[in-house]
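The structure appears below as structure tokens.
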Amino acid sequence: MSVTSVVGLQWGDEAKGKIVDLLTDEHQVVVRYQGGNNAGHTVKFGGETYKLSLLPTGILRPGVVSVIANGCVVHPGALLKEMRGLTDRGIDLTGRLLVSDRAHVIFPWHIAEEAVLESSRKQDAIGTTMRGIGTCYRDKAGRTHAIRVGDLYHEDLLRQRVEDVAAQKIAVIRAVDPSAAALDPAAIFEEYRAYAAAIKPCVVDSTAWLHKKLREGSNVLFEGAQGSLLDVDHGTFPFVTSSNSSAAGIHTGSGVPERVIDRMIGVVKAYTTRVGGGPFVTELHDEIGQHIRDTGNEYGTVTGRPRRCGWFDAVATGYGARVCGVDCIAVMLLDVLAQLDELSVCEAYEIRGERTTDFPSHVADLQAAKPVFRKLPGWKQDITGARKLGDLPAGARKYVDTVSELLDRPVAYISVGPDREQTILV
Ligand code: GDP
Ligand code: IMO
Ligand code: MG
Numbered sequence: 014m015s016v017t018s019v020v021g022l023q024w025g026d027e028a029k030g031k032i033v034d035l036l037t038d039e040h041q042v043v044v045r046y047q048g049g050n051n052a053g054h055t056v057k058f059g060g061e062t063y064k065l066s067l068l069p070t071g072i073l074r075p076g077v078v079s080v081i082a083n084g085c086v087v088h089p090g091a092l093l094k095e096m097r098g099l100t101d102r103g104i105d106l107t108g109r110l111l112v113s114d115r116a117h118v119i120f121p122w123h124i125a126e127e128a129v130l131e132s133s134r135k136q137d138a139i140g141t142t143m144r145g146i147g148t149c150y151r152d153k154a155g156r157t158h159a160i161r162v163g164d165l166y167h168e169d170l171l172r173q174r175v176e177d178v179a180a181q182k183i184a185v186i187r188a189v190d191p192s193a194a195a196l197d198p199a200a201i202f203e204e205y206r207a208y209a210a211a212i213k214p215c216v217v218d219s220t221a222w223l224h225k226k227l228r229e230g231s232n233v234l235f236e237g238a239q240g241s242l243l244d245v246d247h248g249t250f251p252f253v254t255s256s257n258s259s260a261a262g263i264h265t266g267s268g269v270p271e272r273v274i275d276r277m278i279g280v281v282k283a284y285t286t287r288v289g290g291g292p293f294v295t296e297l298h299d300e301i302g303q304h305i306r307d308t309g310n311e312y313g314t315v316t317g318r319p320r321r322c323g324w325f326d327a328v329a330t331g332y333g334a335r336v337c338g339v340d341c342i343a344v345m346l347l348d349v350l351a352q353l354d355e356l357s358v359c360e361a362y363e364i365r366g367e368r369t370t371d372f373p374s375h376v377a378d379l380q381a382a383k384p385v386f387r388k389l390p391g392w393k394q395d396i397t398g399a400r401k402l403g404d405l406p407a408g409a410r411k412y413v414d415t416v417s418e419l420l421d422r423p424v425a426y427i428s429v430g431p432d433r434e435q436t437i438l439v
């Protein structure tokens, strides 16, 4: 039996999907344990591109069972649409997808509430994906308005809950925005009753199921969504997502204790990106930032928003690596940095005249932080065809070695292009 976890160490979009996809051939089970359809994981192989949002990446590998565990928030309509998108492309999902009965359900009021909350923050908006993720997690913690997947199968209770919650939610929403559209509880009940019937074959107690698989010796892979710096406890609060998107979420989000994990892989982009608001110490507002955005095609998978781009930040990423306790790292999108004369890697911050390698806990300190850069020579060769370490030019090897040294972790994978094949196993 081997249990692996793949987790992003930055602000998401580190190319976790690509690494998970590579590893699915060694695993029988892939588990998403937090987040929802705010995630966007892109995978390329055999000339095809797949974009997964709520579905675990394991769904693309025949024979692998994918689990949406208790820590996730599920919009059943979005889930069914994503499932249809794959079956239309000839992927057989029969018996290959499980959804926890403990996962929480996203309702139309979560999306409506998020819209008014985000607009009320004005210039301080978090820049969320507007999928009702944060409002659904808030209701989970608050309990009063929460509805779980298992509740969908208690019809009388569900009808009453939808009626009660919709009435309370519309009152709150209209207090902020009197012009907000009405919520029709009868229509919502019918809509969700139909969803419940459609997803019923997938719904299980995923905790019990996972423990059984582990007892039987199955290899299980935990697929993180978002990244450590977006973690609600450990990230750049309040500019975070609403779940534990570092490795901290694995235990609570799946019911599987973290100590069964044999190998934890931290995924890092060779530079830094962030979507939405919040501090970003190494952000580039110049032509190099635009060059990285264009070369790396840095536009959001879910929302299409241009991603903010900047140099690699070893202070922020090193913090992510420590919080997660990763054993090794995967350095992704290294090819994007080719053609630049000189590269910068942030090795410390200077905050109000003080130099530090600690990642500050308050956004005000992060906003005040100035990056202290180590300069590295660039390389001009195209490296997208490299398949072993020896194929990389000296500049690229030096760059990867520097990242590894600053994070104090060995490098297990280097990615030089989006395709499954464009990977160096170190
Ligand atoms: P995730 O959310 O962490 O799974 O990452 P995303 O899929 O949102 O973003 C990563 C993007 O980079 C996707 O479009 C991938 O196809 C692409 N990608 C992955 N690895 C590489 C790489 O090594 N080089 C390049 N150029 N693109 C890559
Ligand atoms: P993957 O799994 C990058 C960001 C949003 C916003 C903040 C809160 O593809 O790496 P939310 O809708 O979750 O309440 O938004 O988090 N965000 C992501 N950024 N990658 C993601 O997922 C993200 N999921 C959420 O842009 O700043
Ligand atoms: Mg993504």
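Residue numbers (the working numbering): 14 to 439.
Just so it is clear, CB atoms sit at the ideal spot from N, CA and C, and this is done for glycine as well.
{"Asked": "K282: CB within 8 Å of a non-hydrogen atom of ligand 2", "Found": "no"}
{"Asked": "Contacts around H40, its chain only, beta-carbon distance under 6 Å, and the 5 residues preceding and following it disregarded", "Found": "N232 and L234"}
{"Asked": "Contiguous alpha helix (DSSP H) assignments of at least 4 residues, all confined to the region 198–247", "Found": "198–212 and 219–228"}
{"Asked": "Residue interval of the alpha helix (DSSP H) (run including V178)", "Found": "E168 to V189"}
{"Asked": "V288 Cβ short of 8 Å to ligand 2 heavy atom set", "Found": "yes"}
{"Asked": "Any non-hydrogen atom of ligand 3 closer than 8 Å to T316 Cβ", "Found": "no"}
{"Asked": "Through-space distance from V162 to T249, alpha-carbon basis", "Found": "30 Å"}
{"Asked": "Where the alpha helix (DSSP H) through H304 begins and ends", "Found": "E300 to T308"}
{"Asked": "Start and end residues, alpha helix (DSSP H) containing S133", "Found": "P121 to S133"}
{"Asked": "Contacting residues, own chain, Cβ-Cβ under 6 Å from P89 (five flanking each side not counted)", "Found": "Y208 and I212"}
{"Asked": "Contact the region 191–201 vs the region 218–231: 3+ CB pairs below 8 Å", "Found": "no"}
{"Asked": "Bounding residues of the alpha helix (DSSP H) (the contiguous stretch that carries R387)", "Found": "Taken as a continuous stretch (DSSP letters only), R387 belongs to no alpha helix (DSSP H), being part of the beta strand (DSSP E) at A382 to P390."}
{"Asked": "Residue range of the unbroken alpha helix (DSSP H) whose run includes M14", "Found": "First-last for M14: undefined, no H or E at that position."}
{"Asked": "Nearest-angstrom Cα separation, counted from G237 out to G260", "Found": "At residue 260 the sequence reads Ala, which differs from the Gly that was named. Taking the straight line from one Cα to the other gives about 7 Å."}
{"Asked": "Any non-hydrogen atom of ligand 2 closer than 8 Å to N83 Cβ", "Found": "no"}
{"Asked": "Own chain residues within Cβ distance below 6 Å of I119, not counting five before or after", "Found": "V86, H88, G145 and C149"}
{"Asked": "As assigned by DSSP and simplified to three states, the class of D152", "Found": "helix"}
{"Asked": "Straight-line Cα distance separating P75 from M143", "Found": "32 Å"}
{"Asked": "For K64: DSSP bridge partner residues", "Found": "T55"}
{"Asked": "C-alpha gap between D197 and T62, whole angstroms", "Found": "38 Å"}
{"Asked": "Cα-Cα separation, K35 to N257", "Found": "The question names Lys, yet the displayed sequence has Leu at residue 35. Each residue's Cα considered, the two are about 24 Å apart."}
{"Asked": "N-terminal and C-terminal residue of the beta strand (DSSP E) that G430 is part of", "Found": "Note, G430: premise wrong, no beta strand (DSSP E); not H, not E."}
{"Asked": "9 Å Cβ cutoff met for L67 and L92", "Found": "yes"}
{"Asked": "Reference K388; option with closest CA among K411, S219 and V376", "Found": "K411"}
{"Asked": "Cβ pair I278, V43 closer than 9 Å", "Found": "no"}
{"Asked": "Runs of beta strand (DSSP E) lying entirely within the region 342–421, each at least 3 residues, in chain order", "Found": "355–364, 367–369 and 382–390"}
{"Asked": "Integer Cβ distance of S255 from R151, believed to fall under 8 Å", "Found": "7 Å"}
{"Asked": "Check: K31 C-beta below 8 Å from any heavy atom of ligand 1", "Found": "yes"}
{"Asked": "For S192, three-class secondary structure by DSSP", "Found": "coil"}
{"Asked": "Any non-hydrogen atom of ligand 3 within 8 Å of H40 CB", "Found": "no"}
{"Asked": "Per DSSP, cross-strand counterpart(s) of I278", "Found": "V19 and C341"}
{"Asked": "Reduced DSSP secondary structure (H/G/I, E/B, other) of G89", "Found": "The sequence given here places Pro at residue 89; Gly does not occur at that position. Correct three-state label for P89: helix."}
{"Asked": "Identity of the residues DSSP links to P319 by a beta bridge", "Found": "Y312"}
{"Asked": "beta-carbon Q239 near ligand 2 non-hydrogen atom, thresh 8 Å", "Found": "yes"}
{"Asked": "Distance CB(C341)-CB(A425) smaller than 9 Å", "Found": "yes"}
{"Asked": "Sheet register partners of F325 (DSSP bridge)", "Found": "V358"}
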